[in-house]
Amino acid sequence: QPSNEGRGYVLRRILRRALRYGRQFLDAPDNFFSKVVTGVVVDMGKDFFPELEQKREQILEIVLEEEQAFAKLLVRGLKFFDEVKEKVEKENRKAVSGDEAFFLYDTLGFPVDLTLIMAQEAGLGLDMAGFEACMEQQKERSRAALKKARSGSLGDGVELTTDQVALLIADSASSATDDSMKYEWDITPESTVTAVFMASSGDEELEAAVRLSDGDVVGVVLSETPFYAEAGGQVSDLGTLLLPGGVEIDVQDVQNYGGVIFHVGGVSGG
Numbered sequence: 013q014p015s016n017e018g019r020g021y022v023l024r025r026i027l028r029r030a031l032r033y034g035r036q037f038l039d040a041p042d043n044f045f046s047k048v049v050t051g052v053v054v055d056m057g058k059d060f061f062p063e064l065e066q067k068r069e070q071i072l073e074i075v076l077e078e079e080q081a082f083a084k085l086l087v088r089g090l091k092f093f094d095e096v097k098e099k100v101e102k103e104n105r106k107a108v109s110g111d112e113a114f115f116l117y118d119t120l121g122f123p124v125d126l127t128l129i130m131a132q133e134a135g136l137g138l139d140m141a142g143f144e145a146c147m148e149q150q151k152e153r154s155r156a157a158l159k160k161a162r163s164g165s166l167g168d169g170v171e172l173t174t175d176q177v178a179l180l181i182a183d184s185a186s187s188a189t190d191d192s193m194k195y196e197w198d199i200t201p202e203s204t205v206t207a208v209f210m211a212s213s214g215d216e217e218l219e220a221a222v223r224l225s226d227g228d229v230v231g232v233v234l235s236e237t238p239f240y241a242e243a244g245g246q247v248s249d250l251g252t253l254l255l256p257g258g259v260e261i262d263v264q265d266v267q268n269y270g271g272v273i274f275h276v277g278g279v280s281g282g
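If you're matching positions, the sequence shown starts at 13 in this note's numbering and goes up one per residue.
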């Protein structure tokens, strides 16, 4: 599943390289890549990778969605890069600046390695140090925004102590949260609550269930979760946990403690 982090981002980068090459150098029509993938799935799925055939519809849906999403940005990105080349030439520079590469990445969805390839094709370098500095500034802004959001809606929030983390990891019922569902969409999954912490609680004892009241701020551990946890400057997902009895938890922060995914939010309907 293409995404903005980890293996998913590697896949997205490969797809976007191919899409850009096909549109710019082969003058390929809209949605050309999903048609190419269809042929690959049919040919390779017969004898070598039967799982491709089994998941054909899902694969094609993902590729088409990714292709259509990037197509909206590709034309703008190529136009912007042409403007950058002209600017570099006028200013007698030898490289695309970090700010320019970051704009392509952050606003127009161009992975930096794709921008580097385009720069090299134009006989230019790319200021990677400047780009990394822009990335770090973005992470700081994301962390500050998350901290502000948490302090505004959740007070001091809920954080696990070292001892609580150790107990969670040692507990076989919650040794790790299965977060593989985060790569899926359009689902309403079910899960089991394995631990709940109250914002005001200093206890290090884990409780499988507590009395929840409207307005409480809690931290919840689930057996499975579709939520992305905060990582590498990428803010966590937001969402709602629906509990029996009409209780809802408005999740505003998700953290990963040694593989245990911790969902922090306010209770309503308790």
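Quick reminder that beta carbons are idealized off the backbone N, C-alpha and C, glycines included.
These numbers were taken from a predicted model, which means no experiment stands behind them.
Exposure of Gly-277, with buried meaning 16 or more beta-carbon neighbours within 10 Å: buried
Close Cβ partners of Glu-69 (< 7 Å) along its chain, the five nearest in sequence each way excluded: Hits under 7 Å: none found.
Straight-line gap, Gln-36 to Glu-202 (C-alpha atoms, nearest Å): 44 Å
Bridge partners - Gly-278, DSSP secondary structure assignment: In the DSSP assignment, Gly-278 is bridged to Val-229, Asp-262.
Nonlocal neighbours in the same chain, by C-beta distance under 6 Å from Ser-235, ignoring five residues either side: Ser-203, Thr-204, Thr-206
Cβ-heavy atom distance, Glu-77 to the ligand GDP, below 7 Å: Of ligands this structure carries none, so the ligand GDP is not represented either.
Gly-121 in three-state terms, based on DSSP: coil
Where Ala-220 falls, given that 16 or more other Cβ within 10 Å makes a residue buried: Below a pLDDT of 50, predicted positions are generally treated as unreliable, and Ala-220, at 38, falls in that range; the measurement from the model is reported next regardless. By the neighbour-count rule (16 or more Cβ atoms within 10 Å), Ala-220 is not buried but exposed.
Contact belief for Leu-237 with Asp-191 at Cβ below 8 Å, rounded distance in angstroms: According to the sequence displayed, residue 237 carries Thr and not Leu. That belief holds up - the Cβ atoms of Thr-237 and Asp-191 are roughly 5 Å apart, short of 8 Å.
Run of the alpha helix (DSSP H) containing Ala-83, from where it starts to where it stops: 68-102
Nearest to Ser-46 (by Cα), restricted to the options Phe-61, Val-108, Ala-30, Gly-57: Ala-30
Contact the stretch 17-33 vs the stretch 118-125: 3+ CB pairs below 8 Å: At 8 Å Cβ cutoff, the stretches touch.
Short Cβ contact (8 Å threshold) for Val-263 with Gly-251: Yes, they are a contact pair.
Close Cβ partners of Asp-111 (< 7 Å) along its chain, the five nearest in sequence each way excluded: Gly-142, Cys-146
Residue environment, Phe-93, which counts as buried when at least 16 other CB atoms sit within 10 Å: Flag for Phe-93 reads buried.
Within 8 Å, strictly: CB atoms of Gly-270 and Thr-189: no
Bounding residues of the alpha helix (DSSP H) (the contiguous stretch that carries Ala-30): 18-37
Which of helix, strand or coil DSSP assigns to Ile-284: What the structure shows of the chain is the stretch from 13 to 282, and residue 284 is not part of that stretch, so it cannot be assessed.
For Phe-209, the residue or residues it bridges with in DSSP: Gly-231
Residues of its chain near Leu-255, where Cβ-Cβ distance is below 8 Å and the 5 sequence neighbours each way are ignored: Val-205, Leu-224, Ile-261
Beta-bridge partners of Thr-252, as assigned by DSSP: DSSP lists Asp-262 as partners of Thr-252.
Where Gly-137 sits in the DSSP three-state scheme: strand
Where Gln-310 falls: helix, strand or coil (DSSP): Since the first residue of the chain shown is 13 and the last is 282, residue 310 is not available in this structure.
Counted within 10 angstroms of its Cβ, other Cβ atoms place Phe-209 as buried (16 or more) or exposed: Phe-209 should be labelled buried.
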